[in-house]
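Right, one structure below, let's go through it.
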Amino acid sequence: MSQSMIATQPARIPAPTDSLQSYLNHIGQFPVLAQDREQSLARAWRDDQDVSAAQTLVLSNLRFVVHIARGYRGYGLPQADLIQEGNIGLMKAVKRFDPDVGVRLISFAVHWIKAEIHEYILRNWRLVKVATTKAQRKLFFHLRSAKQRLGWFSDEEVHAVAEDLGVPAKTVLEMESRLSGQDISYEPAGDEGEDASFAPAQYLADEANDPAAEVEAADWQAHSEAQLHSALETLDARSRDIIDRRWGSETKATLQELADEYGVSAERIRQIESSALKKMRAAVAQAA
520 MSQSMIATQP ARIPAPTDSL QSYLNHIGQF PVLAQDREQS LARAWRDDQD
570 VSAAQTLVLS NLRFVVHIAR GYRGYGLPQA DLIQEGNIGL MKAVKRFDPD
620 VGVRLISFAV HWIKAEIHEY ILRNWRLVKV ATTKAQRKLF FHLRSAKQRL
670 GWFSDEEVHA VAEDLGVPAK TVLEMESRLS GQDISYEPAG DEGEDASFAP
720 AQYLADEAND PAAEVEAADW QAHSEAQLHS ALETLDARSR DIIDRRWGSE
770 TKATLQELAD EYGVSAERIR QIESSALKKM RAAVAQAA
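Per the working numbering, the very first residue in the sequence shown carries number 520; after that it's consecutive.
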């Protein structure tokens, strides 16, 4: 039976609200259990799946979850959310608690409570995950508290942290760099006069590949080519050939080459070319 089943039975486990004091007053109504009573309830849950016994174990330890969650206030996340995640860890601990080991439930549950809070912080502290590998997750909480005391690490401190936590020095440097960064708004924020040149919206957009601009350019090219073909159709065969070989070919023919071919002077070819271009411009202007 899972911790979610524990939470759905009649004696509901209270959820933390925005009013932390109200929540504390509520959970303060549940007394801390004596060790023999705690062991008796734990055996009832383990051996007989007594859900009411499991609920009593959870309710009597909610105050300790609040105490642990308060240690993570420096991450800027809602206290109610941290407590709620810690409560999930407590329920997981109750499910796995063995009363025959001889330790109190809360001593066993601390690991589970902190694990859930850590997972929540890693998911929500930044828009971009700062810890993805096992080594990075191990470093996150140790390194952040150390940086608050020491600031930027020296090379000696980097190697000391790496040796102490059993991770490569390269991983320590990478995590230090990630922790030093800050999330910024995509859109410019603040007063109208504020300099927003560093907002990602100002430099991430690729205007060169704007689909609307590409469609417009393609339409304009097709329209221009259609006008050119129509203008060429207004010319006689000789003028069209001269224009095509002077302006439409990769290898531009000279006036003298065309003159020799048509048996006229180079000046006559230039006149035909000039006249043809004027006629084409007039045809394009008329079509527009």
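All residues carry an ideal CB built from backbone N, CA and C; glycine is no exception.
Helix, strand or coil at residue i [DSSP, three-state]
i, result
"G782", "coil"
"F616", "coil"
"D763", "helix"
"V803", "helix"
"K771", "coil"
"P687", "coil"
"V508", "Within the shown structure, residues of the chain are numbered from 520 to 807, placing residue 508 beyond reach of any answer."
"P533", "coil"
"D755", "coil"
Neighbourhood of residue i by C-beta distance below 6 Å, restricted to the same chain and skipping five residues each side
i, result
"A561", "F616 and P618"
"A785", "L774, Q775 and A778"
Cα-Cα separation, residue i to residue j
i, j, result
"I791", "P730", "42 Å"
"I607", "E675", "40 Å"
"A599", "Q558", "29 Å"
"T575", "L641", "30 Å"
"A679", "E638", "26 Å"
"K771", "L751", "18 Å"
"D555", "V613", "16 Å"
"D755", "A736", "31 Å"
"R623", "G590", "21 Å"
"I546", "F627", "20 Å"
"Q568", "G621", "20 Å"
Nonlocal neighbours in the same chain, by C-beta distance under 8 Å from residue i, ignoring five residues either side
i, result
"A681", "P687, A688, T690 and V691"
"R668", "Low confidence applies here, because R668 scores a pLDDT of 47, under 50, leaving its location unreliable; read the following figure in that light. So no residue of the chain qualifies."
"I587", "G605, V629, I632, K633 and I636"
Cut-off 7 Å between Cβ atoms - residues of its own chain near residue i, not counting five sequence neighbours on either side
i, result
"I761", "L777, I788, I791, E792 and A795"
"A572", "L560, A563 and W564"
"F583", "I625"
- prompt: Considering only residues of the stretch 546-603, which uninterrupted alpha helix (DSSP H) runs meet the minimum length of 4 residues and lie entirely inside it, listed in chain order?
  reply: 554-567, 570-578 and 581-588
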